[in-house]
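As structure tokens, the structure follows; a few thoughts come after it.
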């Protein structure tokens with residue numbers, strides 16, 4: 001583990017399942033703080049909860065990444 005992302009914020013879109021969830025999990029394992037972003041908030045909450053149980057600072061956020069205001073809101077929330 002190189003820990004290049006330790007204590008950095010990783011905004012992972014499509015993170016409620018599949019490849020996005022895998023990326024979020026890997027980055028968490030490298031020490032990143034994770035913003036689990038998906039259109040399905042309930043599923044994003046489950047992933048964030050799982051990451052938190054493993055000691056990761058994680059939040060779940062709902063967004064449609066095709067909508068610029070929603071993307072900006074995610075960025076603002078993730079870095080606050």
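Residue numbers (our numbering): 1 to 80. For every residue, glycine included, the Cβ atom is placed at its ideal position computed from N, Cα and C.
Cutoff 6 Å; reference residue i; Cβ partners in own chain excluding five residues on either side
i: residue 41; result: 62
i: residue 21; result: 15, 47
i: residue 60; result: 36, 44, 45, 48
i: residue 8; result: 32
i: residue 13; result: 37, 65
Distance between beta carbons of residue j and residue i, contact taken as under 8 Å
i: residue 48; j: residue 32; result: Not really, about 13 Å apart at Cβ, beyond 8 Å.
i: residue 52; j: residue 58; result: 5 Å
Inter-residue Cα distance where the pair is residue i and residue j
i: residue 50; j: residue 3; result: 20 Å
i: residue 26; j: residue 67; result: 27 Å
i: residue 56; j: residue 65; result: 24 Å
i: residue 23; j: residue 77; result: 20 Å
i: residue 69; j: residue 18; result: 25 Å
Spatial neighbours of residue i in its chain, beta-carbon cut-off 8 Å, leaving aside the 5 residues before and after
i: residue 75; result: 11
i: residue 71; result: 63, 65
Return the chain-ordered ranges of every beta strand (DSSP E) run that is complete within the region 5–73 and spans a minimum of 3 residues. Counting whole runs of 3 or more residues, the region 5–73 contains the beta strand (DSSP E) stretches 9–13, 33–38, 58–62.
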